[in-house]
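See structure below.
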Amino acid sequence: MEITKLLLAANSDYSSMWNYRKNAFLHLKTLKNEDEMKSMFDNELQFIESCLRNNPKSYGCWHHRCFVMLHMMKPNWERELQLCDLFLQFDERNFHCWDYRRFVTNHSNVPHEKEIEVTNKIIASNFSNYSSWHYRSKLLPQVYPDPTDSKRIEEKKLLEELELVQNAFFTDPNDQSAWFYHRWLLGRGDKEQYIVSLIVNRSPPSVFCCLRKPVKMFNGTLSVDDTTQTVDWTSSMSERYSHLWFCKLEDGFKKGQQHTVSCEVESSKLSCCLEENCQKATVCLPINREMFQDHTSQAKLSVLEDELNSCNELNDLEPGNKWVMLTLVLLMRAVSPKQHSEKISTMLDALTEIDSQRKRYYLDLRSKYAIEDCIVETNLNENRLNISGMKLTQICHLELVPTLTHLNISHNCLQNLTVPFANLFCLEVLEANDNKITNISGLKDVPNLKSINLDSNDISDVKQFEYLKTCRCLEKLSIRSNPVCESEKQFPTTFLLHFQ
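So for the sequence shown, my numbering puts the first residue at 72; every next one is plus one.
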């Protein structure tokens, strides 16, 4: 014990030595009486504190202190709270100490109201303390729960918190901690689960189901002509959480007969009719804007509008502040996307100049909004989506439109197609010409893809086309005006695709 003590006094990050001491204490507990162990544990706490004074952010020290407190017969939790107060005075952003404080309060049953008062004092002394804002976000839903959503806080307290956080970012608009807390206050609760679309195949007999929220395991009830089927649902992409699930039907569908297939999950049910002479049938629910609401959207509209007005005032006082502008974008998107679409686009353009290090983030955000607007305004039962000429830098939400047979993403600013297009089970035609694409790995395993137009892109490596070998239905590939076309010798003779 003395040897490990000397080693840890010199280097408290030596985790193996802390583990050695843990094992030693566990062994000594079987040999010594309660008073002797109390004395040893008290000495150990003093030793850990001396190590923490030299290295207050040592993982090993804080973890070992938890071990000691859990194995003491009568731990003094009040003393530990005082220790936390002391070390937070040294460094109020020490997240190790904040974690330990939560450990102490959980084991000592300290009232949450008392801890909220602690965060009040720390925030009052310094608004720029992310840890205290974060701790506050964990406490408030437990003390002031919203009657309709236990993860949120009641409206009266919400308004008080919004006033507090406004004081913070009006005092220092450049401090990010208050802005993140502000976003949490307006954040949304859980989305309601429902089925977005169904795809039914006669041969091989199978059903694909698209959900609004990704789930780890899907246990939807499937019925054919009002007869419940016993099926095993499998994630379409073998992902841990997935929007898309499929199952095989052992009994299949009778040839030349019409069938009605229904799928039910929670309170949602969607039915699809497979006509007698059809091999495939699809059905989609209209996707509304609520599906894409940002995290700043759960609060009441009146609250969001008030926050929008406050941020506009701050933007007048602090023009060009990236945090103000980004929050304005999110609030305008939550309040009325159509009404503010032009202003949102202008502000995102300005942010790419003001905050150039995050230029790609703002471009991707604008692309995301453009795709969402297009999906909302498109009748997906027509199975076509045109998002060409929108200056897109990313493709998203493909998992929500698996019934598409035709997708046009041409004349954009896309540099790669790495998002998995295999989610588009029905896709037959992809127009991706006139972009800046260099990587097409996302086109692997698209089951029904027949035609791809990749003209006028930046593909220079012939190996990229190896991904297309897994598209078994592919008949036509156009790759004019790509660097790879400069030398036909690059193409292996075993590559059995027809190039234009």
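Cβ atoms here follow ideal geometry from the backbone N, Cα and C, with glycine treated the same way.
- DSSP places Asn479 inside the beta strand (DSSP E), whose first and last residues are His477 to Asn479.
- By the Cβ criterion, the region 447-463 is not in contact with the region 411-429, since fewer than three pairs of Cβ atoms, one from each stretch, lie closer than 8 Å.
- The distance from the Cβ of Cys497 to that of Leu514 is about 15 Å, inconsistent with a contact at the 8 Å cut-off.
- For a cut-off of 8 Å, the C-beta gap from Ser274 to Gln350 is around 6 Å, short enough to register as a contact.
- Cβ atoms of Phe166 and Ala249 stay farther apart than 8 Å, at about 17 Å.
- The three-state secondary structure of Ile224, taken from DSSP, is strand.
- In the three-state reduction of the DSSP assignment, Thr301 falls in the coil class, being assigned neither a helical nor a strand state.
- Arg455 sits in a strand when the DSSP states are folded into three classes.
- Arg360 sits close to Val447, with the two beta carbons spaced by under 8 Å.
- In the DSSP assignment, Ser522 falls within the beta strand (DSSP E) that extends over Ser522 to Asn524.
- Under the DSSP definition of a beta bridge, Thr292 partners with Glu335.
- Nearest in C-alpha terms to Met88, of all of Cys132, Thr101 and Ser110, is Cys132.
- For Glu163, the three-state secondary structure derived from DSSP is coil.
- Annotated three-state conformation of Phe174 is helix, per DSSP.
- Cys343 and Thr353 have their C-alpha atoms spaced approximately 7 Å apart.
- If you ignore the 5 residues before and after Val236, its C-beta comes within less than 7 Å of the C-beta of Ala249, Tyr252, His253 and Leu256, all in its own chain and listed in chain order.
- Per DSSP, reduced to three states, the secondary structure at Asp156 is helical.
- Counted as a single uninterrupted DSSP element, the alpha helix (DSSP H) harbouring Asn114 occupies residues Glu105 to Asn125.
- Bounds of any beta strand (DSSP E) do not take in Arg92; it lies within the alpha helix (DSSP H) bounded by Ser86 to Leu99.
- Taking 8 Å as the cut-off, the Cβ atoms of Ile458 and Tyr440 do not count as close.
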